[in-house]
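Q:
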Amino acid sequence: MMDVSMFLQLLINGLVLASIYILVASGFSLVLGVTRILNFAHAEFYMLGAFTFFAMSGLLKLNWILGLIVSAIAMAALGGICYWFIFKPLYGSFIRTLAASMGIGLISVQGTIVAFGEKDRIMFPIFSGSINIAGATVSAEKLTLCAFALLIMLGLGLILKTKVGKAMYAVAEDQEAAALQGINVKRIFLVAMSLGCAMAGVAGSLVAPMFSVNSHMGGAVFIMAILTTILSGHGSMKGAIIIGSIIGLIESFGYYFMGSSNLVLIFFIALVIIYFKPFGLFGRAHQIITER
Amino acid sequence: MGLLEVKDLYKNFGGLSALTHLNFDVFDGEILGFIGPNGAGKTTLFNVVTGFFPPDKGTITFEGNNITNLKPHQVAQRGIGRTFQLSTLCMRSTVFDNVFSGFHLNYRVNILRAFFHLPSARKEEEVMREKAMKILEFLGIASLKDELARNLPHGHQRMLGVCIALATNPKLLLLDEPMTGMNPEETEVMVGLVRKIRDNGVTIVIVEHDMKAVMKLCNRIVVLSFGEKIAEGVPKEIKENKQVIEAYLGREGISLDVA
Amino acid sequence: MKKLICLLVVGLLLIGLPMMIKSPYYIHIFIISGIYSILTMGFLMQLRVGLISLGVAAFWGIGAYTSAILTTRLGFPFWLSFSSSGIITAVMAFGIGFIIVRPAGISFLIMTLALNFIFVHVMGTTYVELFGGWGGITGIPHPTLFIPFFGSLELVSKNSYYYMMLFLLLLTIFVFYNIYHSRAGRAFDTIGETPTLSASIGINVFRYRLVAFVIANFFSGLAGSFYAHYQCFLVPEAFDFWKSIYLQIYSILGGVSYLILGPIVGSAIATIVPEILRFTGLLEPIFYGILILIFVLFLPAGIVGSLHSLHHTGAYAQMGKRIRALLLPGMEIHRDK
């Protein structure tokens, strides 16, 4: 079989992947659950967040905490702008919203190619050094990422308990009822969108020092994030954590056993799950109505 | 034997029991009314009978056949038509197209012939167009035939819903609050129309809040409260039934005393 | 009557196109645009019944690879592999559709996306001798048609491909048009707009959706076979899920309500505009993205829709009247509507 150190390596790698997917998927799920908007460019906020962090802390040598904050705020602002000027006018038309988000994605990807070039951009690790656990060398960077992801998810949980958070739940449940209760639905949409994009941006920033930053990094994460959202049932944070972890671990361990076919395995499992539970494992049994 | 027989029906929604121990029959040629406070489970009942939700327990029999677990389109094929509370019309189509779509079950011509628009297919279509016009005339909205469904006032949209259901040539018609949002004149018209439909050989089950209309229209009434049947009988009996009055006590605007 | 004349004129133009445009490069653009038209029409048929598919490229790929494999690995003649690709794609669409069409909605959307992703990956990494791996399949033969009393005809020139594409496009249009104007088409409309009502009037929503899914992807498969024998080589990345996504954009450019004209116009714009924008180099996708946003925000009905409403509101008639008034002052031209 495999020895303990290999197992731990794969485990940590899996958890790193899981953390990324959970952060991006939670943001996506938040937006989808609250606003019913399917933002195909969500993973590009991940990528843009990474570039922002790279520009701040990598190029301008800003302190990494500041870099993270700038990145999060920038992505939140960008997400808010996209919502206000693009998604809001198109609200109600699912397909046009989808197409618009693809337009945004195209512009983002190509924009970074124009601005930063096609080459991968490498950042130096923020946390150098590594820890030795049971014979396995685990980089401190990876552990920090997982820790941060955990912190952020806890933070999200706290936010959801506040008045704004409760308002988001109400809107996600029933927009009309929420409006009748005096909740400004559009503003909640704005908050949800900004928050979701900020989370994606932070995920990207955390990843930047560990792997390289390039314009196409959103694509790889995108599919997994969406899959996580769908399999857990959109709107379910708890589900996103569980499913995201499973997917991350399967991808990591799967790669060891079957190379790049691990993705095919994940998809087949997803197909099976969708067949029996079309609305996700933890989602509520309502369906997003895709009327044009 | 009833046209429709519902025996021992139960339906839960995530812990909330919407229908409990429901038993009733619908007899050929009658107009049966369902009343009850909001949330009593009337629409749920329709949804279960027409196959949109499977019941947790119980059987539904139509014309002697078990239709309990059939899908909605199969229930429609058996001859049960229904209308909906919320507008489910093709908003972007005209009134005529909406009704015409209801004839879907009536096509007899082979699909290949239809594909090539052979004369037999076109003839059948002509016949159906005439039938559609007849239905529109029957309900008195023929003049609106080219109007877009979404431009219709609420009352007319409801009537259009009834037209579409009639196009399926049902033996049993379930009307879900057809008079909601209608003023007294419109309600009168609707009452007359429902009678006309019944006189044309369609058995009717109607859910309504408008007590006056219900008492006028229905041969028998079933009263639901919290998913259970609390009374059943002719309008006179229901009016005087203590339990029914209690269930409605304190509800605004509902007066059972309609002379 | 007017419509017929319009169609005739357009038809003649299309047939005479290769004689007017001598550059093989532009003929190539038209051919590609034609392929995308068929794919987009397939996308739109699924959209009509409420299925948003981001996997059309996968079925396009299935058709392409089937045809390529049948001819290069198994030595099938072209006409046999062409028809087989269509049938095999349809069968696979039926099998896959049986599982994913039922939930419809977002689950369907994601599953088609996943399917597309899996397809590219499987073609690239498994059974490399059969599928060609990431390098793909090369040396796919040109189409050879058997004409009775004439012998066999091998299509090599761009123009001959153009006519074959035209034939395929017209066949697709013919089938789609007849379906849309039949009771199935009416059922599609009702299902797309109000599935609940459809069920209550006896329409088997699942069955019709599955039919739409299979037919749409059948033609995508045929288009794939054509593509394989046109390019004469295939790589898995050509069927990337982004292609499926672009189809959506083409349909919006044309106008989603125009199920046949929309895709054709949209695909034409989408293939020609990048060519025009090519001079902008790296910025081209950015302009393209901006174009999409402009269309989506300000021209919701697409090109065809906007032209159509201009026509309806009489804007053209107004323009015509004013021009006539300018050129021929004093002459009143009375014309019926």
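The listed protein sequences correspond, in order, to chains A, P and S.
At position 63 of the first sequence (counting the first as 1) the number is 350 in the numbering used here, and the numbers step up by one without a gap.
At position 25 of the second sequence (counting the first as 1) the number is 138 in the numbering used here, and the numbers step up by one without a gap.
At position 93 of the third sequence (counting the first as 1) the number is 94 in the numbering used here, and the numbers step up by one without a gap.
Ideal Cβ positions, reconstructed from N, Cα and C, are used throughout, including at glycine.
Buried or exposed for S:Pro237, please, with buried defined as at least 16 other CB atoms from any protein chain shown within 10 angstroms of its CB.
A: buried
Q: What is the C-beta distance between A:Ala490 and A:Gly336, in whole angstroms, given that I count them as a contact (C-beta under 8 Å)?
A: 7 Å
Q: Three-state secondary structure (DSSP) at A:Ile561?
A: helix
Q: Pull up the distance between the alpha-carbon of S:Pro104 and that of S:Arg49, whole angstroms please.
A: Between S:Pro104 and S:Arg49, the alpha-carbon positions lie close to 16 Å from each other.
Q: Cα separation between S:Ala217 and S:Gly255?
A: In this structure, the CA atom of S:Ala217 is about 18 Å from the CA atom of S:Gly255.
Q: Which chain S residues sit within Cβ distance under 8 Å of A:Arg587?
A: Given that chain A is displayed from residue 288 to residue 579, the structure contains no residue 587 of chain A and the question cannot be resolved.
Q: Can you list, in chain order, the residues of its chain whose CB lies under 7 Å from that of S:Tyr162, leaving out five sequence neighbours each side?
A: Ile32, Leu156, Tyr231
Q: Could you pull the start and end residues of the beta strand (DSSP E) that S:Ile148 belongs to?
A: 145-148
Q: Got a sec? Which residues, its chain only, sit under 7 Å from S:Val215 by beta carbon, not counting five neighbours each side?
A: Setting aside the 5 residues that flank it on each side, S:Val215 is surrounded in the same chain by Ala91, Ala94, Phe95, Gly98, each with a C-beta closer than 7 Å to its C-beta; the list follows chain order.
Q: I think A:Ala305 touches A:Ser532, with their Cβ atoms under 8 Å apart; what is that distance to the nearest whole Å?
A: 4 Å
Q: Give a yes or no on whether the C-beta atoms belonging to P:Asn282 and P:Asn182 are separated by under 8 Å.
A: no
Q: The alpha helix (DSSP H) that contains A:Ser316, what's its start and end?
A: 291-322
Q: Chain P partners of S:Gly106, CB-CB under 7 Å?
A: Ordered by position in chain P, no residue passes the 7 Å Cβ test against S:Gly106, which lies about 16 Å from the chain.
Q: Check each residue of the stretch 194-205 of chain S: if its Cβ is closer than 7 Å to any Cβ of chain P, include it; give the result in chain order.
A: Residues passing the 7 Å Cβ filter: Glu194, Thr195, Thr197, Leu198, Ala200, Ser201, Ile202, Gly203, Ile204, Asn205.
Q: Determine the chain A residues that contact S:Gln249 at a beta-carbon separation under 9 Å, and present them in chain order.
A: Ile382, Leu385, Ala386, Met389
Q: Identify whether P:His134 lies in helix, strand or coil by the three-state DSSP scheme.
A: DSSP places P:His134 in strand when its eight states are reduced to three.
Q: Under 8 Å: do the stretch 499-511 of chain A and the stretch 440-449 of chain A share three or more Cβ pairs, one atom per stretch?
A: no
Q: Please identify, using Cβ separations under 7 Å, the residues of the stretch 540-552 of chain A that lie next to chain S, in order along the chain.
A: Ser547, Ser548, Leu550, Val551
Q: Does any C-beta atom of chain A lie closer than 8 Å to the C-beta of S:Ala115?
A: yes
Q: Just how far apart, CA to CA, sit P:Leu132 and P:Tyr123?
A: In a straight line, the C-alpha of P:Leu132 is about 5 Å away from that of P:Tyr123.
Q: Under 9 Å Cβ-Cβ, which residues of chain S neighbour A:Leu462?
A: According to the sequence shown, residue 462 of chain A is Gln rather than Leu. Residues of chain S passing the Cβ test: none, with the nearest at roughly 18 Å.
Q: Residues of the stretch 325-347 of chain A with a CB closer than 9 Å to any CB of chain S: list them in chain order, please.
A: Leu325, Phe327
Q: DSSP state of A:Thr399, grouped into three classes?
A: helix
Q: Note down the Cα distance separating S:Ser34 from P:Glu250, rounded to an integer number of angstroms.
A: 49 Å
Q: With 8 Å as the threshold, decide whether the Cβ of A:Phe374 is near any Cβ in chain S.
A: no
Q: If we define contact as Cβ-Cβ less than 8 Å, is S:Met42 a contact residue for chain A?
A: no
Q: Using the Cβ count rule (16 or more neighbours within 10 Å means buried), how would you classify P:Asn380?
A: Residue 380 of chain P is absent from the structure shown; chain P starts at 114 and stops at 372.
Q: Between the Cα of P:Val307 and the Cα atoms of P:Asp323, P:His269, P:Pro168, P:Cys331, which residue gives the shortest distance?
A: P:Cys331
Q: Figure out for me which residue from A:Asn350, A:Tyr333, A:Leu377, A:Trp371 has the closest Cα to the Cα of A:Ala359.
A: A:Tyr333
Q: Using a C-beta cutoff of 8 Å, does S:Asn179 count as contacting chain B?
A: You won't find chain B in this structure, because its protein chains are A, P and S.
Q: What do you reckon, is the C-beta of P:Gln356 under 7 Å from a heavy atom of the ligand NAD?
A: This structure lacks the ligand NAD; in fact it carries no ligand of any kind.
Q: Using a C-beta to C-beta distance shorter than 7 Å, which residues of chain S count as neighbours of A:Tyr562?
A: Ile100, listed in chain order.
Q: Step through the CB atoms of chain A and report whether any lies within less than 8 Å of the CB of S:Gly290.
A: yes
Q: If S:Phe62 and S:Thr113 are in contact, beta carbons under 8 Å, what's the gap, nearest whole angstrom?
A: Residue 62 of chain S is actually Gly in this sequence, not Phe. So it is not a contact: roughly 13 Å between Cβ atoms.
Q: Got a sec? Which residues, its chain only, sit under 7 Å from A:Arg579 by beta carbon, not counting five neighbours each side?
A: At A:Arg579 the pLDDT is 21, less than 50, meaning the model places this residue with poor confidence and gives no usable figure here.
Q: For the beta strand (DSSP E) that P:Asp121 lies in, which residues bound it at each end?
A: 117-126
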